[in-house]
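Residue numbers (our numbering): 1 to 1007. Just so you know, even glycine gets a beta-carbon here, dropped at the ideal spot from N, CA and C. No experiment lies behind these values; they were computed from the predicted model shown. Worksheet: one structure, shown below.
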């Protein structure tokens, strides 16, 4: 008989807050009904637990019989949406050594299997069903403790508990199977459960109950919903549920709306009457400020009481205030046509400190009943509106004229009041004032005995100009010998003069207030007899021709004014001469056009180069303290302005995130955030921030823009503008064939413009490649990654940067002299730019394909160059070859490259001719743009070779299952099967033509 293995054991009940049980044999009240094979194997036995409750167990103990293979299959278990389930097994195992005369086949372990299915299966007791074992093994289960005898109470105390998990599950449910192959054991209970993260309220957001993932390391995203009366602060709002049913990595949050405050962090309570909360956020409700009230709950603003107001710029927590009373005790001081007004401040300022004053001026008639606004030329010092002082100087008034002035007291709530501003009035009458001096005179004509002069009106006429008085005398005489004349206009014809004599002339204006001052002395000369006859001879042909036509024209004779040698006569000319000199030398200053509105993606027009004032790049490592370079060239950003959203990559020093930057007083913008991982040493921090010290010196639309750095908190960050389309090489690969040639040339033009800027600043990039060019949503390309200087310091295993010559160099992009002698210059950057052009035209193909770095170096030394990519215009490939000249002095400069690309853009017909290998003078490398189809045996391989694997199912599903069939495809066929992109059609049809050509050359080479 089998040994009696059943015993009552103590059960320690644990409440699994994060577990949901889908099967538990401890709760069964009837037979379990599991299927055992063979019948002499597992046996269902009833027993009692410590509370005398009936429980069902299975036991087996055929240890004296050889070759045991006993199976036990549960009933169907519904997985209830779980992707991973856990099995808790409580069992006892008899120690084989405690069984007398036990054979060597005795075991102390058993196997756990599962079988996934969508429905209940009809099991048979046939041998095949069990022997073929259609189950997936979970684990071999061994006992931590085994028993050797039964105690005097008949209870077995050594109970083992093991938990195993399996997944991922995708069917409706599953069966569990237990395999015994020679153990003496008892399955006391089986509990099947899965884990979940419970519903939780965190950061004012509700997260639903969430199943764990298919793997123990899986993270399942749960989207949160803001609780009642709260709003999103950062989106998306989410938590991650890990494999243990625990929430982690909170992202985003909600906060209480305006009018609501936090209550224990899990609900938003309305502000009671008499309080308010004006903004969304964690702040609490505040008592209404003075002279205001709130009569409802959830108030966002306390309304002002009658007669009190809140200004447009006042914050909601500011007290309500009133308008000021009028100014007091105004006095006036009249000085001819000017007046000084002074007054005392209002007695009541309305409880505000922003009282200002406005002046209203009215010009009146002598009888006072009729007044009008003052003339526009009236001047107020310091100003007419918004005076903060209690005095004002008013000038340019009319002489002998009554004026009425009002002084209005204004504060920040005056415009809120329905009543006009309080003011004080005063009336004054101006005194006499003569006009100001005539600024300059001009000679408009001259004869032997006369000249004609003109002049502008005085800048301050101080009334109506009645007439002008001229006085003049010969230069060799004195003012006592002067002659005077009057003119009703601002011109005068002076007669009765002597030929060839220099005269000193002055003029002054007269109003009802009298004459103003004479103007500065100016000298004018009459013509000599010879000069007069010479001018007359020059005019005779004109006069004769006019007379012949029946018309006589009077020709003005304009003589050159001769300026007196007196110093003051040169005063105004000196001013103009100084300005003229300043403007003429302005070309020598450093000049740059405004590039803020450059069209994309072409970059901007060339800026002025070669200027003596050109800014030069400063290497941050030349600073004794490199941190000083960071402070000088990079702006420090408060970490509270930075919001990290998601990981978008990893750099040499740490993770790279997408986030948002909200500078104080400015609009929010998306940024890229490079972080310095924890545990860094000072050298790593210095190297990390050196890139910011470099970027901070650049300002160009085709150079990645540095927003700033965070160095005063952890983690240390470098914050740059966010480029939506990422790195150029991967962007081109993702959009293979979807851009026109002119669009690609535009991208290359932008890169060249950025490099031209760097070259003019004497900065050598050293790592120019498509992977280091970033692309924004407008297809503007910007040069980035200014950190290669650190690559040249030590060796690495990175194949991109490893050179067999030692050190870290991007061999495929680097000029031969830089590889051999570390000679990095703008000319070596030009070589790299040619490789970038090739990457662009090949839509992100790897330069030199799968050749090793040493093979690339050898090939270049033998004057081999990359061939033109598919459909590459001849002009572009020729420009690439120019960039790859062995002699760096013969390579084009970046400004030459920009000019060449500009010409191509202006003349698109120059891009019509497509390059071929034989059309170029240099020796190209073996053409990898068209694969050798004799090496492929399937359509799938062929599509992969031309980077069109996304059409595999399309081709095979449409019947094109072999290369001979592919060779017959047409453009109509491509449209019919769904290949609609013109670039993809062109690439496929070009390859199809190659298939035809190769089949024609070797019909049997392609199956």
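Q) Which residues in the same chain have their Cβ closer than 6 Å to the Cβ of residue 710, if we skip the five residues on either side of it in sequence? A) For the purposes of this step, residue 710 is identified with residue 710 of the chain shown, where counting begins at 1. If we look at residue 710 and ignore the five residues flanking it on each side, its Cβ neighbours are 637, 639, 717.
Q. Nearest-angstrom Cα distance between residue 84 and residue 648?
A. Reading the chain shown from its first residue, position 84 is the one you call residue 84. Reading the chain shown from its first residue, position 648 is the one you call residue 648. Near 29 Å, if we compare the C-alpha coordinates of residue 648 and residue 84.
Q: Check whether the Cβ atoms of residue 210 and residue 226 sit closer than 8 Å, and answer yes or no.
A: Here residue 210 is taken as the residue at index 210 of the chain shown, counted from 1. Here residue 226 is taken as the residue at index 226 of the chain shown, counted from 1. No, Cβ-Cβ distance for residue 210 and residue 226 is not below 8 Å.
Q: Keeping to the same chain, check which residues put their C-beta closer than 8 Å to that of residue 95; ignore five residues upstream and five downstream.
A: If you number the chain shown from 1, residue 95 lands on position 95. Same-chain partners within the cutoff: 108, 146, 147, 148.
Q. Looking only at its own chain, which residues have a Cβ that is under 8 Å from the Cβ of residue 1026, when we skip the five neighbours before and after it?
A. The requested residue 1026 is not part of the displayed model; the chain covers only 1 to 1007.
Q: Write down the C-beta distance between residue 212 and residue 241 rounded to the nearest angstrom, noting that I regard them as a contact closer than 8 Å.
A: Sequence index remark: in the chain shown, residue 212 carries index 212 (1-based). Sequence index remark: in the chain shown, residue 241 carries index 241 (1-based). Sure, about 6 Å apart at Cβ, within 8 Å.
Q) Do the CB positions of residue 875 and residue 904 come within less than 8 Å of each other? A) Position 875 of the chain shown, counting from 1, holds the residue named residue 875. Position 904 of the chain shown, counting from 1, holds the residue named residue 904. Taking 8 Å as the Cβ cut-off, residue 875 and residue 904 qualify as a contacting pair.
Q: In the DSSP assignment, find the alpha helix (DSSP H) that holds residue 765 and state where it starts and stops.
A: Here residue 765 refers to the residue found at position 765 of the chain shown. Careful: residue 765 lies outside any alpha helix (DSSP H) and carries neither H nor E.
Q. Can you tell me where the beta strand (DSSP E) with residue 59 in it begins and where it stops?
A. If you number the chain shown from 1, residue 59 lands on position 59. Start and end: 54 to 60.
(Q) For the ligand ADP, I want to know if residue 966 counts as a neighbour, meaning its beta carbon is within less than 7 Å of at least one of the ligand's heavy atoms. (A) Of the ligands one can find in the structure shown there are none, so the ligand ADP has no counterpart to examine.
**Q.** Three-state class that DSSP yields for residue 111 in the structure shown
**A.** Here residue 111 corresponds to residue number 111 of the chain shown, with the count starting at 1. DSSP places residue 111 in the strand class (E or B) of the three-state scheme.
Q.
Under DSSP, the beta strand (DSSP E) around residue 702 begins and ends at which residues?
A. As a position in the chain shown, residue 702 is number 702, starting the count at 1. Note, residue 702: premise wrong, no beta strand (DSSP E); not H, not E.
(Q) So, for residue 381: in the same chain, excluding its five sequence neighbours on each side, which residues have a beta-carbon less than 6 Å away from its beta-carbon? (A) Within the chain shown, numbered from 1, the residue matching residue 381 stands at position 381. Scanning its chain for C-beta atoms nearer than 6 Å, with the 5 sequence neighbours on each side dropped, one finds around residue 381 the residues 393, in chain order.
Q | Spatial neighbours of residue 140 in its chain, beta-carbon cut-off 6 Å, leaving aside the 5 residues before and after | A | Mapped onto the chain shown, residue 140 falls at position 140. Cβ contact annotation for residue 140 (same chain, cutoff 6 Å, sequence separation greater than five): 109, 111, in chain order.
**Q.** Buried versus exposed, by CB contacts within 10 Å (16 or more), residue 528
**A.** Taking the chain shown and counting its residues from 1, the one referred to as residue 528 is at position 528. Exposed is the label assigned to residue 528, since fewer than 16 other Cβ atoms lie within 10 Å of its Cβ.
Q: For residue 883, name the three-state secondary structure that DSSP assigns.
A: As a working note, residue 883 is residue 883 in the chain shown. Here residue 883 sits in helix by DSSP.
Q) Just the Cα atoms here: how many angstroms apart are residue 898 and residue 809? A) In the chain shown, the residue the question calls residue 898 occupies position 898. In the chain shown, the residue the question calls residue 809 occupies position 809. Taking the straight line joining both Cα atoms gives about 26 Å.
Q: Please name the residue, chosen from 399, 29, 273, that lies closest to residue 514 on a Cα-to-Cα basis.
A: Reading the chain shown from its first residue, position 514 is the one you call residue 514. Nearest of 399, 29, 273 to residue 514, Cα basis: 399.
Q: Report yes if the C-beta distance between residue 508 and residue 468 is below 8 Å; otherwise report no.
A: In the chain shown, residue 508 corresponds to position 508, counting from 1. In the chain shown, residue 468 corresponds to position 468, counting from 1. Going by C-beta atoms, residue 508 is nearer than 8 Å to residue 468.
Q | Residue from 337, 417, 446 with nearest C-alpha to residue 397 | A | Looking up residue 397 in the chain shown gives position 397. Of the candidates 337, 417, 446, the one whose C-alpha sits nearest the C-alpha of residue 397 is 337.
Q.
Within 8 Å, do at least three Cβ pairs link the segment 231 to 245 to the segment 613 to 628?
A. No, the segment 613 to 628 does not touch the segment 231 to 245.
Q) Between residue 785 and residue 883, what straight-line distance do the alpha-carbon atoms span, to the nearest angstrom? A) As a working note, residue 785 is residue 785 in the chain shown. As a working note, residue 883 is residue 883 in the chain shown. Near 22 Å, if we compare the C-alpha coordinates of residue 883 and residue 785.
Q: Could you work out which residue in 699, 665, 654 is closest to residue 677 when comparing CA atoms only?
A: Counting from 1 along the chain shown, the entry for residue 677 is found at position 677. Closest option to residue 677, Cα to Cα, is 654.
**Q.** Same chain, Cβ closer than 6 Å to residue 793, five either side skipped, listed in chain order
**A.** Indexing the chain shown from 1 puts residue 793 at position 793. Any reading at residue 793 is ruled out, since the residue's pLDDT is 38, under 50, leaving its predicted position unreliable.
Q.
How far does the beta strand (DSSP E) with residue 180 in it extend, from its first residue to its last?
A. The sequence position of residue 180 within the chain shown is 180, counting from 1. Here the beta strand (DSSP E) through residue 180 covers 173 to 180.
Q | Nearest-angstrom Cα separation, counted from residue 356 out to residue 518 | A | Taking the first residue of the chain shown as 1, we reach residue 518 at position 518. Taking the first residue of the chain shown as 1, we reach residue 356 at position 356. So the alpha carbons of these two residues sit roughly 42 Å apart.
Q: State the Cα-Cα distance for the pair residue 29 and residue 55, rounded to the nearest angstrom.
A: Within the chain shown, the letter at position 29 stands for residue 29. Within the chain shown, the letter at position 55 stands for residue 55. Between the C-alpha atoms of residue 29 and residue 55 there is a straight-line separation of about 7 Å.
Q | 6 Å Cβ shell around residue 991 - same chain, five flanking residues per side excluded | A | For the purposes of this step, residue 991 is taken as the residue at position 991 of the chain shown. Apart from the 5 residues on each side of it in sequence, residue 991 sits with its Cβ closer than 6 Å to the Cβ of 946 in its chain, given in chain order.
(Q) If you reduce the DSSP assignment to three classes, tell me which class residue 137 lands in. (A) Stepping through the chain shown from its first residue, residue 137 is reached at position 137. In the structure shown, the three-state DSSP call for residue 137 is strand.
Q.
Could you compute how far the alpha carbon of residue 64 sits from the alpha carbon of residue 99?
A. Against the chain shown, residue 64 aligns to sequence position 64. Against the chain shown, residue 99 aligns to sequence position 99. Going from the Cα of residue 64 to the Cα of residue 99 covers about 10 Å.
Q. So residue 755 is in the alpha helix (DSSP H); what residue range does that whole segment cover?
A. Counting from 1 along the chain shown, the entry for residue 755 is found at position 755. Here the alpha helix (DSSP H) through residue 755 covers 741 to 760.
Q.
For residue 693, report the span of its alpha helix (DSSP H) as first-last.
A. The sequence position of residue 693 within the chain shown is 693, counting from 1. Here the alpha helix (DSSP H) through residue 693 covers 682 to 695.
Q | Proximity winner among 885, 841, 776, relative to residue 872 (alpha-carbon distances) | A | Here residue 872 refers to the residue found at position 872 when the chain shown is read from its first residue. When only C-alpha atoms are compared, the closest one is 841.
Q: Using only alpha-carbon positions, find the residue among 466, 912, 504, 868 that is nearest to residue 487.
A: For the purposes of this step, residue 487 is taken as the residue at position 487 of the chain shown. The option with the nearest alpha carbon to residue 487 is 466.
Q) Cα separation between residue 652 and residue 270? A) Position 652 of the chain shown holds residue 652. Position 270 of the chain shown holds residue 270. In a straight line, the C-alpha of residue 652 is about 49 Å away from that of residue 270.
Q. In terms of alpha-carbon separation, which member of 440, 417, 363, 416 lies closest to residue 406?
A. To locate residue 406, count along the chain shown from 1; it is residue 406. For residue 406, the nearest C-alpha among the options comes from 363.
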